[in-house]
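**Q** The numbers in full-length UniProt numbering rise by one with no breaks, and the one at position 239 of the sequence shown is 239. Heads up, the beta-carbon is just placed ideally off N, CA and C, and yes, glycines get one too. Provided herewith is a single structure, encoded as structure tokens, for subsequent inquiry.
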Amino acid sequence: MAHQPFQNKNVLVTGSSKGIGCGIANEFLKNGANVCYTARTLASFQNTQFPENYMNNRIVKPCDFTLPKSIASLRQELEIEFRTLDILVCNVGTGNSSLDTIPEYSPFNNIFDQNFNSAVNTVREFLSLLENAKGCILFIGSICGQEAFDAPIDYSVAKSALHSFSKHLSKKIANKGIRVNCLALGNIYFPGGTWDKKMIADPSRVKKMIEQNVPMKRFGTLEDVANASLFLCSEKASFITGSILTVDGGQTNCFH
Numbered sequence: 001m002a003h004q005p006f007q008n009k010n011v012l013v014t015g016s017s018k019g020i021g022c023g024i025a026n027e028f029l030k031n032g033a034n035v036c037y038t039a040r041t042l043a044s045f046q047n048t049q050f051p052e053n054y055m056n057n058r059i060v061k062p063c064d065f066t067l068p069k070s071i072a073s074l075r076q077e078l079e080i081e082f083r084t085l086d087i088l089v090c091n092v093g094t095g096n097s098s099l100d101t102i103p104e105y106s107p108f109n110n111i112f113d114q115n116f117n118s119a120v121n122t123v124r125e126f127l128s129l130l131e132n133a134k135g136c137i138l139f140i141g142s143i144c145g146q147e148a149f150d151a152p153i154d155y156s157v158a159k160s161a162l163h164s165f166s167k168h169l170s171k172k173i174a175n176k177g178i179r180v181n182c183l184a185l186g187n188i189y190f191p192g193g194t195w196d197k198k199m200i201a202d203p204s205r206v207k208k209m210i211e212q213n214v215p216m217k218r219f220g221t222l223e224d225v226a227n228a229s230l231f232l233c234s235e236k237a238s239f240i241t242g243s244i245l246t247v248d249g250g251q252t253n254c255f256h
């Protein structure tokens, strides 16, 4: 049997029924971890593509990570099933933002709840379980939180707040043996995702944008994101905390 670096590690990936979260969760599963997949409802998992032959190492749970009571309920369940938590990946978020220069109060707060507050609430609830295991936390951010790209302002500011929270939190809890890092993702392509829809609508425009703005002249893949995630959560990254790893094919370097 191939070496499995996450054997017996307990992993929670928020927002993992599809897309980036599912890609990360699947890779942890294939590398020996016990993985809890989550979505707002169990119905969200009807079309989830799980790796074969790992049924005994995965569980699926419904949770709305914008609601503290829902997170508390999940924590109670995982305390019974996992007892401890080694790795927390905060992936919940949405890019369905307002295009207004300054969005109205309600839609602005909704984007902040999903992209920032959900992560803060999750860490608050699971911190003691992570402390027991000397675990690690990984936030899924965006290059839109690093530079003023032509992206919705509410989404960009929420991701910027997430990056800042990650760095400050890493300093606060390093003495507990918990590492905290963040990925700043560029343009990640996967079936059914935002870029897939844009490619279907106007493929020539999207291809031109990638060629002009991304030095590696391609989209990032779910595998690219998963590989970076597993590295930062592995023993090979045991001296890395408070970092924001940019996964964007060089796009941010060309911003200025």
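Less than 7 angstroms between the C-beta atoms of Val157 and Ser170, yes or no?
**A** No, they are not a contact pair.
**Q** Which parts of the segment 2-44 are runs of the alpha helix (DSSP H), unbroken and 4 residues or longer, counting only runs that do not cross its ends?
**A** Runs of the alpha helix (DSSP H) inside the segment 2-44: 19-30.
**Q** Applying the 10 Å Cβ sphere with the 16-neighbour rule, what's the burial state of Gln4?
**A** exposed
**Q** Could you pull the start and end residues of the alpha helix (DSSP H) that Phe126 belongs to?
**A** Ser118 to Ala133
**Q** Can you tell which of Ser128, Glu52, Ser160 and Asn47 has the C-alpha that lies nearest to the C-alpha of Ile111?
**A** Ser160
**Q** Measure the CB-CB distance between Leu88 and Leu12 and report whether it falls below 7 angstroms.
**A** yes
**Q** Assuming the contact rule is C-beta atoms closer than 8 angstroms, Ala174 and Gly141 should be a hit. Round their C-beta distance to whole Å, please.
**A** Not quite, the Cβ-Cβ distance comes to about 20 angstroms (not below 8 angstroms), so this is no contact.
**Q** Going by beta-carbon coordinates alone, are Glu147 and Thr252 separated by less than 7 angstroms?
**A** Their beta carbons are under 7 angstroms apart, which means Glu147 touches Thr252 by this criterion.
**Q** CA-CA distance, Glu211 and Ala201?
**A** 18 angstroms
**Q** So Lys61 is in the beta strand (DSSP E); what residue range does that whole segment cover?
**A** Arg58 to Pro62
**Q** Between Gly242 and Lys167, is the Cβ-Cβ spacing less than 7 angstroms?
**A** yes
**Q** Can you find at least 3 beta carbon pairs, one from the segment 55-72 and one from the segment 37-47, that sit closer than 8 angstroms?
**A** yes
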